[in-house]
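Under the numbering used here, residues 56 to 753 are what the sequence shown spells out, in order. Heads up, the beta-carbon is just placed ideally off N, CA and C, and yes, glycines get one too. Just so it is clear, the structure is predicted and the values come from calculations on it, not from any experiment.
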Amino acid sequence: MKDINATENNLASKFQRFNDKTLENLINQISKIYSSNNLLVLDAVLSPLINSLTNFTKLKELGKFQNIVWLDNELVSIGSSVLAKYASLIVVVPTSSLENINILNKLIHSQPDLHSLKLNIIVKDLKMSFMYQINKVFNGIVNFESILSPEKYQKPISVTSRIKIYNWKTSPIYTDEILVTEINKFNGIDDYFSKPLKQVNQLSEALMQLLFMGIQNGKHDHLFKLRNIYGKGNHSKLLIDQLQNSKIPEFMNENMTTLEIDFYSDVLHSNTDLVVLERNLDFTSCIFNQLNYHGIIDDMFSIKFENIEQLSSNEISKSLANDKLYSQDLKHLNFSSIGLRLNKLAKYIQQQFKTSSAQKNSSSSEPNISDIKQLVSNLGTLSIQQELVKKHTIIGEEVMEKINKNYEQFLTFQNDIFEMDYKSQVAKLREFVNCNYPIEFVLSAILLIGYLNDGISNKEIDWLSLEMQDNYGLEAVFTLEKLIKFKMIRVIHGSSVDFFSSLGFTSQKKKPTTHSQSEFEDDKNVGISGSGDVFRNNYTLINKFWNLHPLDDDESLSQNLTESGSNESTNLLDLYSNPSFTLPGNTVPLIYRFVEALYFRDFLKHKPINNLKRRPNWDNLGVNTMFAGKTIDLNLDNVNDDRSKYLVIVVIGGVTRSELTCFKYLQERFRKQGKTKEIIIVSNGIVNSSKLMQFMSN
Numbered sequence: 056m057k058d059i060n061a062t063e064n065n066l067a068s069k070f071q072r073f074n075d076k077t078l079e080n081l082i083n084q085i086s087k088i089y090s091s092n093n094l095l096v097l098d099a100v101l102s103p104l105i106n107s108l109t110n111f112t113k114l115k116e117l118g119k120f121q122n123i124v125w126l127d128n129e130l131v132s133i134g135s136s137v138l139a140k141y142a143s144l145i146v147v148v149p150t151s152s153l154e155n156i157n158i159l160n161k162l163i164h165s166q167p168d169l170h171s172l173k174l175n176i177i178v179k180d181l182k183m184s185f186m187y188q189i190n191k192v193f194n195g196i197v198n199f200e201s202i203l204s205p206e207k208y209q210k211p212i213s214v215t216s217r218i219k220i221y222n223w224k225t226s227p228i229y230t231d232e233i234l235v236t237e238i239n240k241f242n243g244i245d246d247y248f249s250k251p252l253k254q255v256n257q258l259s260e261a262l263m264q265l266l267f268m269g270i271q272n273g274k275h276d277h278l279f280k281l282r283n284i285y286g287k288g289n290h291s292k293l294l295i296d297q298l299q300n301s302k303i304p305e306f307m308n309e310n311m312t313t314l315e316i317d318f319y320s321d322v323l324h325s326n327t328d329l330v331v332l333e334r335n336l337d338f339t340s341c342i343f344n345q346l347n348y349h350g351i352i353d354d355m356f357s358i359k360f361e362n363i364e365q366l367s368s369n370e371i372s373k374s375l376a377n378d379k380l381y382s383q384d385l386k387h388l389n390f391s392s393i394g395l396r397l398n399k400l401a402k403y404i405q406q407q408f409k410t411s412s413a414q415k416n417s418s419s420s421e422p423n424i425s426d427i428k429q430l431v432s433n434l435g436t437l438s439i440q441q442e443l444v445k446k447h448t449i450i451g452e453e454v455m456e457k458i459n460k461n462y463e464q465f466l467t468f469q470n471d472i473f474e475m476d477y478k479s480q481v482a483k484l485r486e487f488v489n490c491n492y493p494i495e496f497v498l499s500a501i502l503l504i505g506y507l508n509d510g511i512s513n514k515e516i517d518w519l520s521l522e523m524q525d526n527y528g529l530e531a532v533f534t535l536e537k538l539i540k541f542k543m544i545r546v547i548h549g550s551s552v553d554f555f556s557s558l559g560f561t562s563q564k565k566k567p568t569t570h571s572q573s574e575f576e577d578d579k580n581v582g583i584s585g586s587g588d589v590f591r592n593n594y595t596l597i598n599k600f601w602n603l604h605p606l607d608d609d610e611s612l613s614q615n616l617t618e619s620g621s622n623e624s625t626n627l628l629d630l631y632s633n634p635s636f637t638l639p640g641n642t643v644p645l646i647y648r649f650v651e652a653l654y655f656r657d658f659l660k661h662k663p664i665n666n667l668k669r670r671p672n673w674d675n676l677g678v679n680t681m682f683a684g685k686t687i688d689l690n691l692d693n694v695n696d697d698r699s700k701y702l703v704i705v706v707i708g709g710v711t712r713s714e715l716t717c718f719k720y721l722q723e724r725f726r727k728q729g730k731t732k733e734i735i736i737v738s739n740g741i742v743n744s745s746k747l748m749q750f751m752s753n
């Protein structure tokens, strides 16, 4: 176990270099600004990122500024007499944030007496297209040839005599034990629906930095070499093709000699499996509220770069970054286990206080120390241990308070929805609407009912549109239309329910259309949107085959969750018999099942299918029959075994915290089997139902 933990820590320290490089590049850009007495103008979206990279006090000294203001419409209302006190504004904006540039343009034109005020605009990952837009907004002097010249972006670009643009080049950010590429208020789920090519490019660039992170400054430390590549989805195919046919060959030609390329291609042992999946394979994980500890905290209070944003208590630290109790034990547990866990820890720590002097004088130690004692010994001094238990007790109390106040009825509905027929589900939806439940609950309920029944009848949609307009206003109706446009809701024309459903015997409706589409139909949204209904079978069949609800016995499930709080083990496999503890309704995320099926098939209970090959594969699983989109299976080294050391999982469109916990569960399955395979997750961001609904309502 020590060797495995050492490997994990070693990987984490290596990935921390990405953050260090991102900070170094920011500091380099700020150091090119020579004026004193500056004012920092910051887009609020970037504040958590910068705060996680460094202390703002250090930036103040480096950038020669004392005050910070947000970059929003309120900036324009700041009086010219206030702004005139500063020599320049240091403005930090996200990638392609044209709205911010328009605000700055409005500022300098609405207050002409600020003619001497300089603007130093630092853009995160400045792209040529955005540089063109900036130049156009400010009526700049940069010609088109200069905009297209990559060399120009290595130095500050003068747009006008008082406006300079700086390129803050960033690496993928390592946070919450994964690598993320997108920093915006929706964590990238918005771009998946409207700019999937941007996400594919971001992820392919991040993968290149990951795969070849050992090759820099003349050093050739090959940490990763691809052995197998698996993918499902048209954008997954696009990303894999980009890597294979463009990115990797270009990098090798630019950074390696012919001999080094030959060594890499023919001699170097491959050690990495790559799995690329799309968000549209499973939106249910983004619709449910999450039940694992870090998932429910994120749903209730929002976690950004391991910092809890909206927790009301001021008694405790809201940072989770260096919290060993959180990272080593509580993070991935089902929330119902947390109270018992903390009580047990508190009692043990209290006992430690009483016996600490005796332990100091004793030279003997227990030969078989339990997991919980080992955990406590890792937490630091007794006072630190006590503070951590107090901290998470307060967090747990605030979660419970919010559940009891706002979420209890909706969480109950999510748990019960799989046992309800269509009519009962719609009746509950009507109750939510008539009782003016929060609109995000109503929208989530609509999506869940639609997924489970392969659509919602046009009769119900018509009723919903009218009722939502009356109760929530036109914006809610526009959001409903947006969900339909993005094919998140399938509208069934004709009878509202099938014959058996009308009798209450089943909750499943027939598919309104077949999925035997042409290649053209399958590809037409590639690069335009990641939205779309990729299920070629109804939910009932997919659920049964992939065993998405493995425990039907409520008593067994309750006992499982209760024991997880009292069990001393800190391993998920010892606490939970299957990975169905992260979502309501005892649900296993389908994206997790896709990855798990490559290596294990014992979960296939409805129709057991053995893997006849030693090499991981999706053979005989009906992946093409059940789901639209390209399927990729590349054996790069012509191997017939499962000896890869690393498994890199890429999720286009964002990954949920419930899925992160399930991948942790998979990591432990590998360990139990004696494999030292380490899982590395790369995605555009960490998403949840709040982010999805905020984008759809935007």
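For the alpha helix (DSSP H) containing residue i, list its first residue and its last residue.
| i | result |
| --- | --- |
| residue 264 | 251-266 |
| residue 494 | 494-507 |
| residue 163 | 153-165 |
| residue 221 | First-last for residue 221: 218-223, but that is the beta strand (DSSP E), not the alpha helix (DSSP H). |
| residue 594 | 594-601 |
| residue 213 | Counting along the chain, residue 213 falls outside any alpha helix (DSSP H), though it belongs to the beta strand (DSSP E) covering 212-215. |
| residue 348 | 348-356 |
| residue 650 | 645-654 |
Nearest-angstrom Cα distance between residue i and residue j?
| i | j | result |
| --- | --- | --- |
| residue 145 | residue 100 | 16 Å |
| residue 570 | residue 658 | Legend: pLDDT at residue 570 = 44, less than 50; position of this residue unreliable, value from coordinates given subsequently. About 27 Å. |
| residue 162 | residue 130 | 7 Å |
| residue 205 | residue 319 | 29 Å |
| residue 445 | residue 385 | 13 Å |
| residue 254 | residue 187 | 21 Å |
| residue 681 | residue 592 | 5 Å |
| residue 553 | residue 634 | Unreliable positioning characterises residue 553 in this predicted model, as indicated by a pLDDT of 46, which lies under 50. The coordinate reading is nonetheless provided below. Each residue's alpha carbon lies about 33 Å from the other. |
| residue 353 | residue 708 | 18 Å |
| residue 79 | residue 88 | 15 Å |
| residue 176 | residue 488 | 46 Å |
| residue 650 | residue 368 | 39 Å |
| residue 606 | residue 334 | 25 Å |
| residue 713 | residue 484 | 25 Å |
| residue 644 | residue 173 | 51 Å |
| residue 299 | residue 648 | 26 Å |
| residue 476 | residue 624 | 39 Å |
| residue 70 | residue 372 | 25 Å |
| residue 360 | residue 170 | 38 Å |
| residue 581 | residue 295 | 14 Å |
| residue 474 | residue 504 | 12 Å |
Name the residue from the options whose alpha carbon lies nearest to the alpha carbon of residue i.
| i | options | result |
| --- | --- | --- |
| residue 74 | 230, 481 and 308 | 230 |
| residue 512 | 662, 491, 486 and 539 | 539 |
| residue 687 | 700, 694 and 672 | 672 |
| residue 480 | 323, 502, 395 and 656 | 502 |
| residue 227 | 343, 104, 348 and 298 | 104 |
| residue 438 | 588, 400 and 475 | 400 |
| residue 312 | 282, 116, 270 and 488 | 270 |
| residue 287 | 107, 744, 677 and 630 | 677 |
| residue 244 | 363, 195, 711 and 730 | 711 |
| residue 118 | 98, 140, 133 and 147 | 147 |
| residue 389 | 293, 323, 301 and 636 | 636 |
| residue 586 | 638, 259, 541 and 705 | 541 |
Rounded C-beta distance between residue i and residue j? I'm assuming under 8 Å.
| i | j | result |
| --- | --- | --- |
| residue 183 | residue 158 | Contact doesn't hold; Cβ gap of about 22 Å is too wide. |
| residue 739 | residue 257 | 6 Å |
| residue 750 | residue 338 | Actually they do not touch by this definition, with Cβ atoms about 12 Å apart. |
| residue 238 | residue 149 | 6 Å |
| residue 189 | residue 220 | 6 Å |
Can you find a CB in chain C that lies within less than 8 Å of the CB of residue i?
| i | result |
| --- | --- |
| residue 592 | The structure shown contains no chain C; it holds only a single protein chain. |
Between which two residues does the beta strand (DSSP E) containing residue i stretch?
| i | result |
| --- | --- |
| residue 333 | 327-333 |
| residue 229 | 228-230 |
| residue 734 | 733-738 |
| residue 173 | 173-179 |
| residue 285 | 281-287 |
| residue 143 | 143-148 |
If we require 4 or more residues per run, which alpha helix (DSSP H) segments fall completely within the segment 678-717?
678-681
Complete alpha helix (DSSP H) runs within the segment 461-487 (minimum length 4 residues, chain order)
463-471
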